[in-house]
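Trainee: This is the structure I have questions about; it appears just below.
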Amino acid sequence: MLARQSSLHASDRELSRFHFRVVLAAVAVLAALSLLGARFFYLQVVQHDYYSTRAEDNRISVVPIVPNRGVIVDRAGIVLARNYSAFTLEITPSKVDDLEATIDGLGKLIEIESKDRRRFRKLLDEGKTFESLPIRTRLTEEEVARFAANRYLFPGVEVKARLFRQYPLGSTASHAIGYINRINKRDLEKIAESEEAANYKGTDHIGKTGLEQKYEFALHGETGYEQVEIDAGGRAIRSLSRTPPVQGSHLTLTLDVKLQEVAEEAFGDRRGALVAIEPSTGGILALVSSPTFDPNLFIDGIRNEDWDVLNKSRDRPMLNRALNGTYPPGSTFKPFMALAGLETGRRTAGQSISDPGFFNFGGHHFRDDKVGGHGTVDMYKSIVQSCDTYYYQLATDMGIDAIARFMGQLGFGQRTGVDIEGESEGVLPSPEWKKRRFRRPEQQKWYAGETVSIGIGQGYNSYTPIQLAQATATVANKGVMFRPHLVKYITDSRSGEKTMIEPEPMRRLPWKPQHVETIKNAMIGVNTQGTGARAFAGAGYTSGGKTGTAQVYSLKGSTYKESAIRKELRDHALFIAFAPADEPKIALAVIVENGGFGAQSAAPIARMVIDYYLLGKLPKGAAAEDDVKED
């Protein structure tokens, strides 16, 4: 009996525990269901908008449509940079099972170089798998036909038409126009800083030099977009909407490309630079850096062998000598020194000196270029015959501070503000400059003897051809200085509205008109009876000019003999000019590296350029060197 009762009690306890476990499980299930319901409510109701947007983003992708780049033309409408359509072979990675096998198979039909593979891989790393990426560009008609016959073998591969940049005149004006190339990390940083990142989605190229770089954001245009529905594998299904791109603005230049071609041809195989400016506006008519290069080589990435030719050449064709080359101005500095003497009251036009052929300062003889000297020399004669002694004395009388102040007004030793990036400042010597330039105290001191050579454009003087051209144009324009510029106006591709780049007077120098006329008359004398007379003999117009010769290395008291000196150590030849004399339409500066005397090689180039611009005379070949041995 007791055993039976004990068994019943045990059964009751087991049943109680079972009921407890059932209730506990029910509570746990209900709690879990409550939590799940709460989470479901949170996701479906509270967070509905957020996850709906995420789902839509996963279903829809925005594909950028790259705009057509703006065109660049010269002042007469001649095209200097344009776009053309060509066929490319493109792969959509998301539609291809084995990329390497596909590329290898394509390589048996169409030549695919290692650089094509590298470019494709780079684009693949940067892009999305549902975008089509080029594996080969600029297909020939034969290659297009060959692929078309075998297209069924390559799902996910197709031929498309794309726009490419082209410079139809090749190397002509390449330093001014510049070129485009593929975007790199530095470019991306620049784009981000300019808050243009969204507008460059899908863009592969950007302006690297010249006007292509300076006016990049105007030339680029506005990127369009296409909304594409994609599946879970990232494959495009259909297009949902499309916002077309807006073509970039067009640039019309002040440049006269025919004049540019004449100037480049005039240099032949000589190194140097020429800048021609319209004095009344500051518009650049020609900007030459010789030798030049073909910008078409850079568009899709220059080949190693082509880069080696350009980069290793002793002639340095990639250097923009017109803006970045700095040279002593030599005797082309003398007209500006003479004007400084007049304006500061240190000289009058009729005041004369006696030139014995040297200038003695502190026991040192500064030699004149003419043995025995020029005799009695006034200002007119000092410019026409290029008398060094006159300017040794003038520089000493003026002092370096007065020289630096006056030349600074003319733009020497400072960037002109031309609309191309990377312009050099040059060197306008002064005691303050020397303190900044040198570290040791004994080097920082300005010595009076250093001022003597400054007067003839030597010593520390070092300026760019564009600075020399701007100063010449300012004298020709009676003291009104304009900012040199290459772009005349920008045309909006949608509206056709033209935004003029108005002539921008930088300053109006308060020179006395009679002082300016004195200098201009003396420069006319240079081309009629002085050092430039042979180069301008028989010209059908009156012009002003000044020859110059700049030392490349110190003679240390010895006599200059061109035949005994290596070519790369010979003097530079310079020439400045304006024409016609009464109402100048062109002012220019020319430098021929290691060309000897200014009258020998620089003046004939200037004559050829001015002849074409004023008279329409087309030259035949490069300008011939004269055998004259004077500056």
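Each residue of the sequence shown is one higher than the one before, counting from 56 in our numbering.
Backbone N, C-alpha and C define an ideal beta-carbon position, used for all residues, glycine too.
1) In the DSSP assignment, what residue or residues form a beta bridge with residue 409?
2) Using 10 angstroms around the beta-carbon of residue 409, count the other beta-carbons present and answer buried if the total reaches 16, otherwise exposed.
3) Which runs of the beta strand (DSSP E) spanning at least 3 residues fall entirely within the stretch 523 to 590, listed in chain order?
4) If you follow the beta strand (DSSP E) that residue 602 is in, where does it begin and where does it stop?
5) The alpha helix (DSSP H) that contains residue 320, what's its start and end?
6) Going by DSSP, which residues form a beta bridge with residue 221?
7) Would the stretch 557 to 569 count as touching the stretch 531 to 543 if we require 3 or more Cβ pairs under 8 angstroms?
8) Which residues bound the alpha helix (DSSP H) around residue 154?
9) Within 10 angstroms of the Cβ of residue 345, are there 16 or more other Cβ atoms? Answer buried if so, exposed if not.
10) Are the stretch 376 to 387 and the stretch 503 to 513 in contact at 8 angstroms, needing three or more beta carbon pairs?
11) Just to confirm, are residue 434 and residue 526 a CB contact at a threshold of 8 angstroms?
12) Answer with buried or exposed for residue 610, where buried requires no fewer than 16 other C-beta atoms within 10 angstroms of its C-beta.
13) Which of helix, strand or coil does DSSP assign to residue 189?
14) Let me check understanding here. Comparing Cα to Cα, which of 569, 323, 175 and 209 lies closest to residue 370?
15) Where does residue 127 fall in DSSP's three states?
16) Could you name each continuous beta strand (DSSP E) segment of 3 residues or more that falls completely within the stretch 242 to 301, going from the start of the chain to the end?
17) Between residue 475 and residue 266, how many whole angstroms is the CB-CB distance? I'm expecting something under 8 angstroms.
18) Quick one: Cα of residue 160 to Cα of residue 150, how far?
19) DSSP state of residue 89, grouped into three classes?
20) Using the rule of at least 16 other Cβ atoms within 10 Å of the residue's Cβ for burial, across every protein chain shown, is residue 93 buried or exposed?
21) Quick one: any contact between the stretch 540 to 556 and the stretch 488 to 505, if contact means 3 or more CB pairs under 8 angstroms?
22) Should residue 502 be labelled buried (16 or more other beta-carbon atoms within 10 Å of its own) or exposed?
23) Express the C-alpha separation of residue 118 and residue 343 in angstroms, rounding to a whole number.
24) Measure the C-alpha to C-alpha separation of residue 614 and residue 652 and round it to an integer number of angstroms.
25) For a quick check, are the C-beta atoms of residue 314 and residue 331 less than 8 angstroms apart?
26) Nearest by alpha-carbon distance to residue 284: which of 296, 277, 633 and 515 is it?
27) Can you give me the Cβ contacts of residue 648 inside the same chain, cut-off strictly under 7 angstroms, excluding the 5 residues immediately before and after it?
28) Judging by CA-CA distance, which residue of 348, 486 and 530 is the nearest neighbour of residue 466?
29) Assign residue 94 to one of three DSSP states: helix, strand, or coil.
30) So the candidates are 666, 202 and 306; which of them puts its Cα closest to the Cα of residue 132?
31) Report the rounded CA-to-CA distance for residue 555 versus residue 444, giving the unit in angstroms.
32) For residue 356, collect the residues of the same chain with a Cβ closer than 8 angstroms to its Cβ; drop the 5 residues on either side in sequence, then sort them by chain order.
33) I need the boundaries of the beta strand (DSSP E) containing residue 116, first residue and last residue.
34) Can you name the residues that DSSP bridges to residue 517?
35) Tell me the DSSP secondary structure of residue 234 in three-state form.
36) Which class does residue 348 belong to by DSSP, given the choice of helix, strand or coil?
Mentor: Concretely, from the data shown:
1) 431
2) exposed
3) 535 to 537, 542 to 546, 553 to 555 and 560 to 563
4) 599 to 605
5) 312 to 322
6) 137
7) yes
8) 154 to 164
9) buried
10) yes
11) no
12) With a pLDDT of 44 at residue 610, under the threshold of 50, the modelled position of this residue cannot be trusted; read the value that follows with caution. Exposed, since its Cβ has fewer than 16 Cβ neighbours within 10 Å.
13) strand
14) 323
15) strand
16) 260 to 262, 279 to 285 and 291 to 298
17) 7 angstroms
18) 16 angstroms
19) helix
20) exposed
21) no
22) exposed
23) 42 angstroms
24) The pLDDT assigned to residue 614 is 47, lower than 50, so where the model puts this residue is not dependable; a value taken from the coordinates is nonetheless given after this. Using only the alpha carbons, I get a separation of about 14 angstroms.
25) yes
26) 296
27) 326, 327 and 627
28) 530
29) helix
30) 306
31) 48 angstroms
32) 170, 174, 236 and 237
33) 115 to 120
34) 482
35) coil
36) coil
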